[in-house]
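As numbered in this note's numbering, residues 4 to 291 make up the sequence shown, in order.
Working notes for the structure below.
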Amino acid sequence: MVTAFVVAALLLWSLVCIWVARHQGFFLAAIARVRETRVAVTVRSWAVRHLGGSATRVAQWLSVDVTAVLGLMSGIVVVALLAAGFTELLDDVLEGEIDSYVDRPVSQWVAGHREAGLTAVLKVLTHVADPVSLVVITVIVSTWVCWRIRSWLPAVLGLSGLLGVGVVLVVAKWMVGRSRPPSWTAVIVEDGFSFPSGHATGGVAVAVLLAWMAGWVIRGWTARVALWASASAAAGMVGFSRVYLGVHYVSDVVAGAFLGAAWAIGVIVVGAWWESRRRSAQPAPAPG
């Protein structure tokens, strides 16, 4: 039954992504319609009246244009929301609420419904987000993007993202000190603390960051949809494997996904600011 659920979920995700890839015009038209709604017009008017001067000053301070500032602010808001989600889960774990209502029941149910074929596949798949694997993947993709765009920025961002999220993860695990699920529910042996999941944190962080960087080289709506669909599916399956194999609770994986995404988007915000600043500093082409 679990195998059928996984196959159905992947099939549904594939169909959704195929539909998205084939309907670029639908999304562009939807965005245009949203921009013209009364709510959007009101929000823009309010932002111009109350934030226009501040945005301009921030743009001057950061050496970018106002449009870039608004994009950076949007990224910061997303990071804040993800951090809030992580904090909420952390509170639930420390208070023990989610443990009895979600984590232990799911862990025990999965332990009693494993299937040999799926277990064998996930035992291999889970190693995609091992520390060594993530380093190798990051080096390969970053080097490729560096070579294609003739810039060292992808290498700097990849290294910062990987090392930074590793430090944050170690600190978070040490501060929480949560034990892993009981050994009788696990089919592989893992050491260390449980919260948050290192594989989920690193997998999501690397997937988001590298998909964004690869988007500098990979052009076209369909190709980019396929890129993000593959990256998110891989990260999702790694997270699922940690619960299925009995080495993490659900809250460990979800919190890790929040943490990894927050860190990756934070790095992306810095990278976008740096790139916008570099472009703003370039002299305008001579007329004629």
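The beta-carbon is built from N, C-alpha and C at its ideal position, and this holds for glycine as well.
Spatial distance of residue i from residue j (CA atoms)
i	j	result
I101	G201	19 Å
G164	V209	8 Å
C149	L156	7 Å
T122	A32	44 Å
G195	M216	31 Å
R25	S103	44 Å
R222	A229	11 Å
V168	L262	8 Å
S66	W276	With a pLDDT of 46 at S66, under the threshold of 50, the modelled position of this residue cannot be trusted, and the question is left open.
V69	M76	With a pLDDT of only 46 at V69, under the threshold of 50, the placement of this residue in the model should not be trusted; the figure read from the coordinates follows. Approximately 11 Å between the Cα atoms of the pair.
D255	A175	11 Å
G99	E118	30 Å
W224	V171	34 Å
I143	A232	20 Å
V9	W112	16 Å
V5	A189	16 Å
L13	D94	32 Å
W64	G274	Reliability of the predicted coordinates at W64 is poor, the pLDDT of 43 falling under 50, and no value is obtained from them.
R107	L15	28 Å
G115	A7	16 Å
T45	F30	22 Å
A226	G218	9 Å
W177	R41	49 Å
A267	T90	17 Å
A86	L213	21 Å
A11	V124	16 Å
V173	I34	40 Å
G88	R36	30 Å
L2	P199	The structure shown does not extend to residue 2, since the chain spans only 4 to 291, so no value can be given for it.
G28	L137	35 Å
L248	E39	48 Å
V139	L84	30 Å
P134	V82	23 Å
Whether residue i touches residue j by CB criterion (9 Å)
i	j	result
I191	V250	yes
A158	T146	yes
R183	E193	yes
Y1	S186	Past the boundaries of the shown model lies residue 1; the chain is included only from 4 to 291, so the question cannot be answered.
A203	A265	no
I78	G269	Note on identity: in this sequence residue 78 is Gly, with Ile being the wrong assignment. Yes, Cβ-Cβ distance for G78 and G269 is below 9 Å.
V179	V96	yes
T141	G161	yes
V80	V246	no
L92	V211	no
R151	V220	yes
With three or more beta-carbon pairs closer than 8 Å as the criterion, would you say the region 13 to 31 touches the region 231 to 249? In this structure the region 13 to 31 lies against the region 231 to 249, because at least three pairs of beta carbons, one per stretch, are closer than 8 Å.
Any contact between the region 239 to 249 and the region 109 to 128? By contact I mean 3 or more CB pairs, one from each, below 8 Å. Under the 8 Å Cβ criterion, the region 239 to 249 counts as touching the region 109 to 128, having at least three qualifying pairs.
What are the complete alpha helix (DSSP H) segments, minimum 4 residues, inside the region 139 to 213? For the region 139 to 213, whole alpha helix (DSSP H) runs of length 4 or above, ordered along the chain, are 156 to 179.
Pick out the complete alpha helix (DSSP H) segments inside the region 213 to 290, 4 residues or longer, and give them in chain order. The qualifying runs are 224 to 247, 253 to 284.
Complete runs of the alpha helix (DSSP H) confined to the region 66 to 119 [at least 4 residues]: The DSSP assignment places 69 to 98, 107 to 114 as complete runs of the alpha helix (DSSP H) inside the region 66 to 119, in order along the chain (cut-off: 4 residues).
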